[in-house]
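Asker: Residue numbers (my numbering): 2 to 460. Each residue gets a CB set at the ideal place from its N, CA and C atoms; glycine is no exception. After the structure tokens below, expect a handful of questions from me.
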């Protein structure tokens with residue numbers, strides 16, 4: 002039985018060894034084992050109820066499949082390495098366990114619909130698991146937002162000082178981005194949750210299959226209405242790839258923020274050393290490799306999405322063997338995303354802020370330029386004119402090397418009569434964020450509101 006391929010009856014010669022090596026997929030698709038066994042169990046139960054397979058034979062098959070599923074769940078199922086794929090390996094294992102009765106199992110199905118059914122089950126479970134991981138990361142980030150209440154840092158645009166921003170506000174900014182990533186994956190999971198099994202190789206089966214019964218047992222919401230679509234499409238893989246790419250971009254942004262803020266030049270935060278790694282040559286190094294590899298692994302997600310799109314874009318209707326490779330791209334992306342979420346969640350719970358370095362950076366008066374301009378607007382100066390006035394003020398400080406905090410009111414009024422004594426209150430980080438009034442801003446009241454909202458959402 003070891004050397005007997007599922008399709009071997011048509012052939013008088015064995016497959017060339019080089020072709021076997023090139024076409025095997027067991028090294029990748031063994032991840033489908035539990036899903037494939039679950040699909041086979043539902044299939045044989047349906048064949049029994051439809052009287053397509055004799056009841057006693059079906060019961061033997063069901064008993065054998067159940068034993069194999071228990072082995073797979075316990076990590077004890079060892080596929081025969083000579084099998085070309087996991088489906089063949091399971092069929093061989095079943096044959097060894099129950100004998101010739103195993104040959105009844107494949108009635109009414111092809112590997113074309115069998116494979117994609119198992120793949121949809123794995124995808125459904127994977128997006129659910131990733132959605133749960135995203136939730137855990139969101140909770141960790143929310144905890145950090147609460148913990149850092151009152152901390153202020155320079156906000157950056159173009160990698161240069163822009164305006165003071167509450168640390169909590171920045172951490173809260175990650176939550177809606179991750180929620181969109183999470184929702185995209187959930188939406189993809191809902192759309193893929195339809196059963197292709199029963200599509201056969203292409204056009205269905207002459208056997209009286211009850212596809213709705215199988216769909217109910219495997220917890221699919223519906224059956225796919227067209228058999229050609231059932232075995233052809235991999236749009237659900239493409240959609241998951243797209244969702245993972247978006248998630249990768251978000252995680253890469255978080256990683257890049259933390260890498261920058263933890264450099265010697267910024268010095269805003271540090272991580273518990275259990276998350277860091279060293280150098281084989283430089284004894285002093287404590288490197289955030291977990292963040293650098295998170296940033297780098299985002300490329301794996303994008304590469305997978307590109308690979309899936311390139312793989313499927315030129316295929317005609319019907320199953321083509323090219324589709325074997327979709328799992329190579331998808332499973333690598335899923336593994337990368339799972340790892341990225343795990344380590345970034347660890348990082349969220351293991352970072353510490355350096356208040357002295359934050360305060361030192363906040364002494365840069367250019368951070369308050371927008372506050373100065375809006376201060377003038379509140380005194381009826383048109384914004385364009387206020388922008389020009391503040392620009393001239395900053396040019397003068399550059400020329401004279403005299404900080405604005407040292408200017409007298411008379412000095413300010415040389416540039417505009419709209420200035421009054423309150424101008425001296427503007428160069429304070431807490432005051433800067435405290436004056437914000439717009440919804441969604443870094444104002445303390447808005448931060449408290451966002452924390453309440455996210456606490457309720459993540460409860």
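#1: Is residue 187 helix, strand or coil by DSSP?
#2: Please work out which residues of its chain come closer than 6 Å, Cβ to Cβ, to residue 36, disregarding the five sequence neighbours upstream and downstream, and give them in chain order.
#3: Could you tell me which whole alpha helix (DSSP H) segments of length 4 or greater appear in the stretch 281-330?
#4: Pick out the complete alpha helix (DSSP H) segments inside the stretch 99-185, 4 residues or longer, and give them in chain order.
#5: Kindly give me the distance between the Cβ atoms of residue 240 and residue 192, rounded to whole angstroms, as I take these residues to be in contact under 8 Å.
#6: For the alpha helix (DSSP H) containing residue 262, list its first residue and its last residue.
#7: Take residue 405 and list the residues in its own chain whose beta-carbon comes closer than 7 Å to its own, dropping the five residues that flank it on each side.
#8: Can you tell me which residues form a DSSP beta bridge with residue 353?
#9: Closest to residue 41 by C-alpha separation, out of 260, 212, 347, 252, would be which residue?
#10: Would you list the one or two residues that DSSP bridges to residue 195?
#11: For residue 284 and chain B, any beta-carbon pair shorter than 8 Å?
#12: Going by DSSP in three states, residue 443 sits in which element: helix, strand or coil?
#13: Can you tell me whether residue 4 is buried or exposed, with buried defined as 16 or more other CB within 10 angstroms of its CB?
#14: Taking the Cβ atom as the reference point for each residue, do residue 352 and residue 294 lie within a distance shorter than 8 Å?
#15: Along the alpha helix (DSSP H) that carries residue 371, what are the first and last residues, could you check?
#16: Taking the C-alpha atoms as reference points, what is the distance between residue 369 and residue 386?
#17: Does DSSP put residue 67 in a helix, a strand or coil?
#18: Is residue 349 near residue 298, with beta carbons less than 8 Å apart?
#19: Count the other C-beta atoms from every protein chain shown that fall within 10 angstroms of the C-beta of residue 153, then say buried if there are 16 or more, exposed otherwise.
#20: Is the distance from the Cβ of residue 91 to the Cβ of residue 63 below 8 Å?
#21: Can you tell me whether DSSP reads residue 204 as helix, strand or coil?
#22: Quick check on DSSP: helix, strand or coil for residue 398?
#23: Given residue 86, which residues of its chain have a CB within under 6 Å of its CB, disregarding the five upstream and five downstream residues?
#24: Taking Cβ positions, are residue 129 and residue 190 nearer each other than 8 Å?
#25: Please check the pair residue 164 and residue 442, which I expect to be a contact at CB under 8 Å, by giving their CB distance rounded to whole angstroms.
#26: Tell me the DSSP secondary structure of residue 4 in three-state form.
#27: How close, in whole Å, do the beta carbons of residue 246 and residue 302 come, if the pair is a contact with beta carbons under 8 Å?
#28: Which same chain residues end up closer than 8 Å to residue 343 when comparing Cβ atoms and leaving out the 5 residues on each side of it in sequence?
#29: Apply the 10 Å Cβ neighbour rule to residue 9 and answer buried if 16 or more other Cβ atoms are within range, or exposed otherwise.
#30: Between residue 2 and the rest of its own chain, which residues show a CB-CB distance below 8 Å, the 5 nearest in sequence each way excluded?
#31: Please classify residue 343: does DSSP put it in a helix, a strand, or coil?
#32: Can you name, in chain order, every residue of its own chain whose Cβ lies under 6 Å from the Cβ of residue 223, other than the five neighbours on each side?
#33: Going by DSSP, what residues sit across from residue 233 in a beta bridge?
#34: Under 8 Å between the Cβ atoms of residue 173 and residue 139?
Answerer: So, from the listed chains and residues:
#1: helix
#2: 119, 122, 123
#3: 290-313
#4: 112-148
#5: 7 Å
#6: 236-262
#7: 366, 394, 398, 428
#8: 271
#9: 212
#10: 223
#11: Here chain B cannot be found, since the structure has a single protein chain.
#12: coil
#13: Because the pLDDT at residue 4 is just 49, under 50, the model does not fix this residue reliably, and the point stays unresolved.
#14: no
#15: 370-378
#16: 17 Å
#17: helix
#18: no
#19: buried
#20: no
#21: coil
#22: helix
#23: 26, 27, 30
#24: yes
#25: Wrong, their Cβ atoms sit about 10 Å apart, outside the cutoff.
#26: Reliability fails at residue 4, whose pLDDT of 49 lies under 50, so the model's placement of it is uncertain and the value that follows must be treated cautiously. Note: residue 4 maps to coil in three-state DSSP.
#27: 5 Å
#28: 134
#29: exposed
#30: Here the model assigns residue 2 a pLDDT of 40, short of 50, so the residue's position is not dependable, and the following value carries that caveat. Result list for residue 2: 93, 96, 97, in chain order.
#31: helix
#32: 195
#33: In the DSSP output, where bridge partners are listed per residue, residue 233 has none listed.
#34: no
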